[in-house]
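Asker: Would you mind keeping the following structure in view while I ask a few things?
Residue numbers (the numbering used here): 1098 to 1628.
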């Protein structure tokens, strides 16, 4: 874990986390991968041609990265009255006319493929709820983006996001401002992001036509005019687009903004919270799992840097959940094979969101393992026990504990006592690590289940096996465990008989297969609370 400790000690840039959030919101909005990064590059080019000063450029940079950070707000609630995908469709006309927007809404209300009579009935029944929900949705879009911005230390950006859904002509649903009441940086961002999306659909010329049509209504006419006149320079053509992570981070105006050390946990939490707002059933989930996993890591005897690593990894483990269509999370039915595959891939998308950031990538190595199981039955990689270290095992146990107690359809709805029994069964059947489960259950304030060791090994025999597998001689094992060499040798001979082998090489293979190496290496003391 030395690499982890050094990685978390490096300065963390606000742009690094904001850009990861931008990648995640691309998934939630149905945009092409890294579309938000390209839109941010377009925003900065529009700032250049508009002659914006550094203060406006700096504000526009972060506003563009975070503009859609609230996109997942109440996604499962919307899935209750939209039969088809709405987020991906509405983006085309979000700054269009009310008639264009209503056309998309009406087409998205009925279930896909429903017969005409059924589709009409569904539309009539669902339309009032959709219309009533629109102000709440736009309010959530603003407030969630503001909340996440403040956790990155970007209070000024959060203030501007108050006007995120306002339109130049004052016709925004929330009616918070019009014209020059909308901050200059935000007016630039709204034009650039709309144009970048339209360019991805039909090229820069098409985007210029759309922006020209919306000038003076949705968009500032002067900013829109600058985009139209310089659309080739700002947008290029689709085959010329594709700003990279490094290019976008290098484009941050002025001195890169760093997140103070005491705020890094909150910054990491923004990624988990982005996934938590998908539906009310997950409210506060990422922080709850992180607290449970962090407390369990302390009980397991990990040092402070390792505990911090576990807690932060737990905070972002489910950010990839935003990639799964809301209709799947809302489903009160047995999921189809295709739907299950969507769910199984969400750790992969967590990995993709974090891959470009050295800081987040280090955390993601363990975060994406929270659904892996020691017997290889987990996902998304199906890793064996030997590939799962202590942090991954703790995260898997903490997530399983939380899921067991959550209400359906996302959880199993078990009582705390029943959840402990269920996790104990997973231990006995070789899916979860015994010590990780014991630490998580104890951290939850419950009585840990009896530790189950493979081949009937005792706890001390398991420790001996783990150390011998790492090449320690019997005297070294004895010294490490604080026992006599004779006792250490007795434990080893008992282990040989139980495992059914007689060589250290075979013991090493057994230890690797059953995940005893990681725990043996760390020699985790079980810390008990005072009675």
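Just so it is clear, CB atoms sit at the ideal spot from N, CA and C, and this is done for glycine as well.
(1) Ends of the alpha helix (DSSP H) at residue 1657?
(2) If you run the structure through DSSP and keep just helix, strand and coil, what is residue 1636?
(3) With distances taken Cα to Cα, identify the nearest neighbour of residue 1391 among 1145, 1488 and 1122.
(4) Could you work out which residue in 1122, 1451, 1350 and 1305 is closest to residue 1150 when comparing CA atoms only?
(5) Answer with buried or exposed for residue 1146, where buried requires no fewer than 16 other C-beta atoms within 10 angstroms of its C-beta.
(6) Measuring CB to CB, does residue 1490 end up less than 8 angstroms from residue 1523?
(7) Which residues mark the beginning and the end of the alpha helix (DSSP H) in which residue 1488 is found?
(8) With DSSP run on the structure shown, which of helix, strand or coil describes residue 1113?
(9) Mind checking whether the beta-carbon of residue 1415 lies closer than 7 angstroms to any heavy atom of the ligand SAH?
(10) So, using beta-carbon positions, are residue 1387 and residue 1408 closer together than 8 angstroms?
(11) Apart from the five residues on each side of it in sequence, which residues of its chain come closer than 7 angstroms, Cβ to Cβ, to residue 1626?
(12) Just the Cα atoms here: how many angstroms apart are residue 1459 and residue 1431?
(13) Classify residue 1336 as buried or exposed, calling it buried when 16 or more other Cβ atoms lie within 10 Å of its own Cβ.
(14) Can you tell me whether residue 1514 is buried or exposed, with buried defined as 16 or more other CB within 10 angstroms of its CB?
(15) With residue 1460 as the anchor, note down where its alpha helix (DSSP H) starts and where it stops.
(16) Please classify residue 1542: is it buried, with 16 or more other beta-carbons within 10 angstroms of its beta-carbon, or exposed?
(17) For residue 1175, count the other beta carbons within 10 Å of its own beta carbon; 16 or more makes it buried, fewer makes it exposed. Which is it?
(18) Tell me the rounded alpha-carbon separation between residue 1219 and residue 1434.
(19) How is residue 1336 classed by DSSP in three states: helix, strand or coil?
(20) For residue 1247, tell me which candidate among 1198, 1362, 1441 and 1293 has the shortest Cα-Cα distance.
(21) Checking the sheet assignment: what are the DSSP bridge partners for residue 1259?
(22) In terms of alpha-carbon separation, which member of 1354, 1376 and 1421 lies closest to residue 1249?
(23) Which residue from 1549, 1292, 1285 and 1576 puts its Cα closest to that of residue 1193?
(24) Within its chain, find whatever has a CB closer than 7 angstroms to the CB of residue 1511; leave out the 5 residues flanking it on each side and keep chain order.
(25) Can you give the beta carbon distance from residue 1254 to residue 1163, rounded, assuming they're within the 8 angstroms contact cut?
(26) Measure the alpha-carbon distance for residue 1556 versus residue 1385 and round it to whole angstroms.
(27) State the start and end residues of the unbroken alpha helix (DSSP H) segment that holds residue 1401.
(28) Which residue marks the beginning of the alpha helix (DSSP H) containing residue 1318, and which one marks its end?
(29) How should residue 1558 be labelled, buried or exposed, when 16 other C-beta atoms within 10 angstroms of its C-beta is the threshold for buried?
(30) What residue does the alpha helix (DSSP H) around residue 1301 start on, and which one ends it?
(31) So residue 1571 is in the alpha helix (DSSP H); what residue range does that whole segment cover?
(32) When the Cβ atoms of the segment 1412 to 1430 are set against those of the segment 1439 to 1449, are three or more pairs found closer than 8 angstroms?
(33) Would DSSP call residue 1191 helix, strand or coil?
(34) Roughly how many angstroms separate the alpha carbons of residue 1261 and residue 1275, rounded to a whole number?
Answerer: The relevant details are as follows:
(1) No information on residue 1657 is available, as it lies outside the stretch 1098 to 1628 that the chain covers here.
(2) The chain is shown from 1098 up to 1628; residue 1636 falls before or after that span and cannot be answered.
(3) What you label residue 1391 is simply residue 294 of the chain shown in a count that begins at 1. Minimum Cα distance to residue 1391 is reached at 1488.
(4) Indexing the chain shown from 1 puts residue 1150 at position 53. Per the Cα distances, 1350.
(5) As a working mapping, residue 1146 is identified with position 49 in the chain shown. Result: exposed.
(6) Walking along the chain shown from the start, residue 1490 turns up at place 393. Walking along the chain shown from the start, residue 1523 turns up at place 426. No, they are not a contact pair.
(7) Within the chain shown, residue 1488 is the residue found at index 391, counting from 1. Unbroken alpha helix (DSSP H) run through residue 1488: 1487 to 1502.
(8) What you label residue 1113 is simply residue 16 of the chain shown in a count that begins at 1. Three-state DSSP puts residue 1113 in a helix.
(9) For the ligand SAH, the structure offers nothing, since it holds no ligand at all.
(10) Position 290 of the chain shown, counting from 1, holds the residue named residue 1387. Position 311 of the chain shown, counting from 1, holds the residue named residue 1408. Yes, the pair counts as a contact, with Cβ atoms nearer than the cut-off.
(11) Working through the chain shown from its first residue, we reach residue 1626 at position 529. Unreliable placement is indicated for residue 1626, whose pLDDT of 39 sits below 50; no coordinate value is reported for it.
(12) Residue numbering aside, residue 1459 sits at position 362 when the chain shown is read from its first letter. Residue numbering aside, residue 1431 sits at position 334 when the chain shown is read from its first letter. Taking the straight line from one Cα to the other gives about 35 angstroms.
(13) The residue labelled residue 1336 in the question sits at position 239 within the chain shown. Because the pLDDT at residue 1336 is just 47, under 50, the model does not fix this residue reliably, and the value given afterwards should be weighed accordingly. By the neighbour-count rule (16 or more Cβ atoms within 10 Å), residue 1336 is not buried but exposed.
(14) One-based indexing of the chain shown puts residue 1514 at position 417. Exposed.
(15) Indexing the chain shown from 1 puts residue 1460 at position 363. Per DSSP, residue 1460 belongs to the alpha helix (DSSP H) from 1455 to 1464.
(16) Locating residue 1542 in the chain shown gives position 445, counting from the first residue. Exposed is the call here.
(17) For the purposes of this step, residue 1175 is taken as the residue at position 78 of the chain shown. Buried.
(18) Walking along the chain shown from the start, residue 1219 turns up at place 122. Walking along the chain shown from the start, residue 1434 turns up at place 337. So the alpha carbons of these two residues sit roughly 26 angstroms apart.
(19) Residue 1336 sits at position 239 when you count from the first residue of the chain shown. For residue 1336, the pLDDT reaches just 47, beneath the cut-off of 50, and the residue's location in the model is therefore unreliable, leaving the point undetermined.
(20) Here the question's residue 1247 lines up with position 150 in the chain shown. Selected option, being the one with the closest Cα: 1362.
(21) Taking the chain shown and counting its residues from 1, the one referred to as residue 1259 is at position 162. In the DSSP output, where bridge partners are listed per residue, residue 1259 has none listed.
(22) If you number the chain shown from 1, residue 1249 lands on position 152. Comparing Cα positions, the closest option is 1354.
(23) By one-based count along the chain shown, residue 1193 stands at place 96. Out of 1549, 1292, 1285 and 1576, 1292 has the C-alpha closest to the C-alpha of residue 1193.
(24) Start at 1 with the first residue of the chain shown, and residue 1511 comes out as number 414. Counting only Cβ-Cβ distances below 7 angstroms, and skipping sequence neighbours, we find 1501, 1502 and 1519.
(25) Taking the first residue of the chain shown as position 1, residue 1254 is located at position 157. Taking the first residue of the chain shown as position 1, residue 1163 is located at position 66. Yes, residue 1254 and residue 1163 are in contact; Cβ-Cβ is about 6 angstroms, under 8 angstroms.
(26) Sequence index remark: in the chain shown, residue 1556 carries index 459 (1-based). Sequence index remark: in the chain shown, residue 1385 carries index 288 (1-based). Approximately 30 angstroms, taken between the alpha carbons.
(27) Position 304 of the chain shown holds residue 1401. First-last of the alpha helix (DSSP H) with residue 1401: 1401 to 1413.
(28) If you number the chain shown from 1, residue 1318 lands on position 221. Start and end: 1318 to 1326.
(29) The residue labelled residue 1558 in the question sits at position 461 within the chain shown. When all chains shown are included, residue 1558 counts as buried.
(30) Taking the chain shown and counting its residues from 1, one reaches residue 1301 at position 204. Run containing residue 1301: 1281 to 1311, per the alpha helix (DSSP H) assignment.
(31) The residue given as residue 1571 occupies position 474 in the chain shown. Here the alpha helix (DSSP H) through residue 1571 covers 1571 to 1578.
(32) yes
(33) Counting from one through the chain shown, the residue named residue 1191 turns up at place 94. Three-state DSSP puts residue 1191 in coil, outside helix and strand.
(34) As a first step, residue 1261 is located in the chain shown; it is residue number 164 there, counting from the start. As a first step, residue 1275 is located in the chain shown; it is residue number 178 there, counting from the start. Spanning the two alpha carbons is a distance of roughly 11 angstroms.
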